[in-house]
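Numbering-wise, my numbering puts 238 at position 131 of the sequence shown, and it's gapless, one number per residue.
What follows is a single structure, written as structure tokens, with notes after it.
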Amino acid sequence: MKTLNHYIIYGTLITSSVNAQAAKTPALTIQNINTMNTEKLTNPVVKQAIDALQSGDKKAWFALVDSDALLFDDGNKMNFKSFFEKALGHERFTSIDKVEQNGLHIYGKFHSDQWGDFKTYFKFTVNADGKISKLEIGQANY
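What follows is the structure in structure tokens.
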């Protein structure tokens, strides 16, 4: 009986310890994952586009895009609309490491539910109407 009591006491202590540790660990939510520092983004159209990408907001994303926009993925021409219909909500930057070309070229770490985690670039071309007319994306080496 004495041994049984020890097991009960040890079990209670372990459970209390685990519960105390769990309370200190913040829960990961989609909002935590998608929240990222975008202060480096200086071009307003690009910032709005990245905000839409991060939140998976298709309406906001496509409102920024010219109807004839071109998309190149690692140099291969893709259908802009169908690509982002599938990607939005499943792909996002996890960090922005550098911004070049007056805020139009972004390099950073990226997560894709399908392809995993990797470094990428997004190179935006914005037309005179303030719409994205071309986007080049791909894996980056920096």
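We treat Cβ as the ideally placed atom computed from N, Cα and C, and that holds for glycine.
The region 144 to 155 makes contact with the region 198 to 214; the number of CB pairs closer than 8 Å reaches 3 or more. Taking a contact as a CB-CB distance under 8 Å, the pair T227 and I244 counts as one, their CB atoms being some 6 Å apart.
Every alpha helix (DSSP H) of 4 residues or more that sits fully in the region 145 to 202 is shown, in chain order, as 151 to 162, 165 to 170, 187 to 194. Residue pairing for K230: DSSP places it in a beta bridge opposite H212, E243. Considering only Q246, D173, F217, the residue with the shortest C-alpha distance to G196 is F217. DSSP, read as helix, strand or coil, puts K238 in coil.
The residue among T201, L242, F190, V172 with its C-alpha nearest the C-alpha of G223 is T201. Closest option to F229, judged by alpha-carbon separation, among G237, A159, K184, A247: A247. By the C-beta density criterion, Q221 is exposed, having fewer than 16 other C-beta atoms within 10 angstroms.
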